[in-house]
Structures are given as C-alpha cells and as structure tokens.
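So the sequence shown is numbered by the working numbering: it starts at 128 and just counts up by one.
Note that CB positions come from ideal geometry on N, CA and C, so glycine has one too.
All remarks here apply to the structure that follows.
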Amino acid sequence: MIKVPFFTFRDFPAGLQQQVENALVTELRKNQLILGPSVTSFEQEFSRFLGGGEVVGVGNGYDALVLCLRALGIGPGHEVVVPANGYIATINAVQQVGAKPVFAEPDGQSYNLTAASVLPVLTAHTKAILPIHLYGQSCELEGLLSLCQKHGLYLVEDFAQAQGALYKGKPVGTFGKINATSFYPTKNLGAVGDGGAVVTHDIDLASWVRQYHNYGQSKRYEYAQAGINSRLDSLQAAVLSVKLAALNTLNAERKRLAAIYHRSLSEVGDILLPVTSSPDTDHIYHLYVIRTHQRNALQQFLREKGIQTLIHYPVPPHLQAAYEQLGYRPGDFPLTEELAANSLSLPLFPGMTEPEQMYVVEQIQQFFR
C-alpha cells in the first residue's frame, strides 16, 4: 500500500528547497528582520509579476482583507456580498470592520460568484462585492465589474487560492479596486509561515494601507493615525521572492496533474469533475475538487487505502454557529449545501509522483467498480 498525503512540500522544481533554505540563512544574517530591504524587493517583484500596481506586504491574508475594506471606508451600515460556499476569512473580515456579510450562491459550474448570482442579494446598503477565486479558478470578472459600475460598488478580489491564474490573459488580483491575497504555506505561492499582501492600482489607497499596517506611522515615531501592526517580515519576503520565480512552473505542474485526473476519472461512477467555466477563465488547481453522492464512503475507502483527502468545506458558513446572528436557515443556499455534502478534494501538489497519482486513480476506480 502506498501512502499518499493530501499535500506535502517536495523539492520541486529540483533545487527549490535548497534555494529557500539559503534565502532564510542569508536573510537571517542580514539582521534586518522587520521591514528590511527584502520586503520592498518582494513587493516590487510581485508587482511586476502582476503587471504593475502597488503591493503592500502584510502579516497574513485575513489582515489583507480587513485592510482592503478599511481602506475603502467600509464599516457599520454597509453590506458586503461574499460567497456562501467560501472560506470564513472573508466573512470574518467583513464583520471585523463592522459591516454585514451577505451570502450569495455560487455559479453551479465554476462554484464562483458571478454577476447573475450576486444580483439578487444587492440592496441599497451594499457597498462592495468580495469574490473568492475558489480552488484556483478565476472568476468571470467582466460581469462583476459591470455590476459594480452600474450600482456604484467596489470590487475586492480575494485571490489567495489563485496566485498566477489569469482572466482574459491578465492576472487575477488586478481587477478590483483593492485586492487581498494570502501566502499561507500551502498556497500556490506559500511562505514558511504566515504572510499576505494588499494589491491595488490606486496610489492613495496603497499609501493609506502602507501607513495603517505599521501602527499608522507617517515617519519614525510620528503617527498620522491609530493603525495596527500587520507587517510581512523579512524572512518570509526572502522565501517568497525565491518561490515567486518558480510560481509559473509550480502552477504548470498543478495543471499537468489535474489533466491526468481529468483523463483518468472521466466517466468513473457518478463523479463530477472540475469544469473551467469559459475560455476567458483560467484554473491553476490550488485544489482539485470532485463531487460524488458517495463522498463519505469514498473518503473512508481512500483513507483505509492510505490516501489522504480533505473536504472544502464540510459545513457551509450559513449553518455555522458563528454566524447564527445573520439569520440564515437550512435550505437558504441549496447549491452551497449540496457542495458541502458531496465535494471531495483529491491529493494534488507539485512533486507528486506518477506512482502516487496512479494509485489514487486506481483506488477511486476500484471503489466505483
């Protein structure tokens, strides 16, 4: 029996692990661990990768979301539309600034928010739409941008699962007024600890974030506002610079592995495979998520065979105790509840070997036989 982890760090491409370790040692010896030159260097490199704009490194992806909303002046009395099927970070960030999160069902094919899925929940209090490029697939942004323009709303992208994905040939994270990403270690562009970034083409918003995320400091020991402490540290920045240079290679490997799953699991049992929703949208497979009505039994079977899988996400946000005050009930979001009941994320990571992946495929085929 082969043991297959859901995710693990491998030396892929060859030599990357040594480069990361070298970067850590080199940065440690510089002894400029907070807001050192490596942070500025990474911000500039990430900006070039995204095709321009301002990048501000922050402590984590959640802080990046909160900073985006605060920079736009979103707070009490405002509503922000978030995916009903997304991770809870977007919901918590909206509540952190005092606004109300409003859930919208995803599109049934991409599992992302679309203009059609958002329109029914807009109200006079809506201030922003906060889509997640879920599982690594870019949202259909043109419709969302048109909706924002028509209703005077802000678009704020959460592209933590989709660094390097494209929409109409342009990187996600560059379409919204201001956007957030995470560099949590398992992300496609992952640090060796927490980290995040705020991205925007608005210089004034970037300047505000750059000041606010460092206690509100305008210059050393002078403070223009009461800010917070959320800074990307120099060690993480040094690692991210190394990994950023390999990101397109890492994403290409994810796509290659996804294509093998596509070919091998097509027409197996009642499995629904991931679908790229249009020629304009790109999918870089942060997660490879299948659907089956036998999800729980399949997961248990694979566990017994030494294959680790995960569920993203097993309990929909509107049914979580943390959000009872929002007043949602079972049945309010039927597609979201269906996704929670039948989705399963398969192992997929750069460096996954052919025997490992073929073992996963063979065991899934065996289950359905």
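N- and C-terminal bounds of the alpha helix (DSSP H) containing residue i
| i | result |
| --- | --- |
| THR217 | 215-223 |
| SER391 | 361-392 |
| ALA198 | 188-198 |
| PRO210 | From DSSP, PRO210 is part of no alpha helix (DSSP H) but of the beta strand (DSSP E) over 206-210. |
| ASN149 | 143-157 |
| ASN315 | Premise fails: ASN315 is in no alpha helix (DSSP H) and is neither H nor E. |
| ILE129 | First-last for ILE129: undefined, no H or E at that position. |
| GLN484 | 481-495 |
| THR135 | Premise fails: THR135 is in no alpha helix (DSSP H) and is neither H nor E. |
Beta bridge counterpart(s) of residue i as assigned by DSSP
| i | result |
| --- | --- |
| GLU349 | LYS346 |
| GLY323 | VAL185, SER309 |
| ASN356 | ASN341 |
| LEU293 | PRO298 |
| LEU429 | Its beta-bridge partners do not exist; DSSP assigns none. |
| LEU399 | ARG418 |
| LYS304 | Bridge partners of LYS304: none, in fact. |
| ILE411 | Per DSSP, none; premise fails for ILE411. |
| ILE161 | ASP360 |
Residues near residue i in its chain [Cβ-Cβ closer than 6 Å; skip 5 each side]
| i | result |
| --- | --- |
| GLY322 | PHE310, LEU359, GLN363 |
| VAL336 | VAL183, LEU194, ALA198, VAL325 |
| VAL366 | VAL147, ALA150, ALA318, VAL319 |
| LYS130 | GLY433 |
| GLY303 | LEU282, VAL283, GLU284 |
| PHE169 | ALA364, LEU367, SER368 |
| LEU399 | ARG418 |
| PRO443 | THR463, GLU464, ALA467 |
| PRO210 | PRO233, LEU240, ILE259 |
Nearest neighbour of residue i, chosen from the options [CA to CA]
| i | options | result |
| --- | --- | --- |
| LEU279 | LEU377, ASN212, THR250, PRO258 | Before going on, a small fix: residue 279 reads as Gly here, not Leu. The option with the nearest alpha carbon to GLY279 is THR250. |
| GLN223 | GLY202, VAL209, ALA231 | GLY202 |
| LYS432 | GLY180, GLU483, ILE161 | GLU483 |
| PHE173 | LEU475, ALA372, ASP459, THR135 | ALA372 |
| ALA289 | ALA379, TYR350, ALA231 | ALA379 |
| ILE417 | GLY142, ILE491, ALA191, CYS275 | ILE491 |
| TYR189 | GLY200, PRO164, LEU282, ALA287 | ALA287 |
| HIS260 | GLY225, ASN315, VAL487 | ASN315 |
| LYS227 | MET128, VAL248, LEU240 | VAL248 |
| GLY200 | VAL221, PRO210, PRO312 | VAL221 |
| SER237 | ARG430, PHE428, ASP407, GLN145 | ASP407 |
| PHE476 | GLN435, LEU429, VAL208 | GLN435 |
| ARG390 | GLN338, LEU192, GLU489 | GLU489 |
| TYR415 | TYR440, GLY396, TYR388 | TYR388 |
| GLY186 | ASN341, VAL395, ARG430, LEU374 | ASN341 |
| GLU465 | GLN452, HIS420, TYR486 | HIS420 |
| PRO461 | ARG430, LYS254, HIS445, LEU453 | HIS445 |
| PHE136 | GLN493, THR308, LYS370, ARG496 | LYS370 |
| PHE428 | TYR455, ILE330, PRO441, VAL487 | VAL487 |
Beta strand (DSSP E) segment containing residue i, residue limits
| i | result |
| --- | --- |
| SER404 | It is not in any beta strand (DSSP E) - SER404 carries neither H nor E in the DSSP assignment. |
| THR436 | Unbroken run through THR436: none, as it is neither H nor E. |
| SER472 | 470-473 |
| ILE417 | 415-418 |
Cβ shell of residue i (< 8 Å), same chain only, five flanking positions each side left out
| i | result |
| --- | --- |
| GLY438 | Here residue 438 is Ile; the residue named in the question, Gly, does not match the sequence. ARG422, GLN426, ALA467, SER470, LEU471, SER472, listed in sequence order. |
| GLN447 | ILE215 |
| HIS410 | TYR262, GLY263, GLN264, SER265, ALA292, LYS382, ALA385, PRO401, THR403 |
| SER244 | ALA231, GLU232, PRO233, ASP234 |
| THR153 | ALA365 |
| LYS297 | GLY178 |
| ILE330 | GLU181 |
Same chain, Cβ closer than 7 Å to residue i, five either side skipped, listed in chain order
| i | result |
| --- | --- |
| GLY204 | HIS252 |
| MET479 | LEU384 |
| GLY343 | TYR350, ALA351, GLN352, ALA353, GLY354 |
The ligand SAH heavy atom lying under 8 Å from the CB of residue i
| i | result |
| --- | --- |
| PRO444 | The ligand SAH is not part of this structure, which contains no ligands at all. |
Which complete alpha helix (DSSP H) runs does the segment 229-287 hold, if anything under 4 residues is left out?
Listed in chain order, the alpha helix (DSSP H) elements of length 4 or more contained wholly in the segment 229-287 are 242-245, 268-278.
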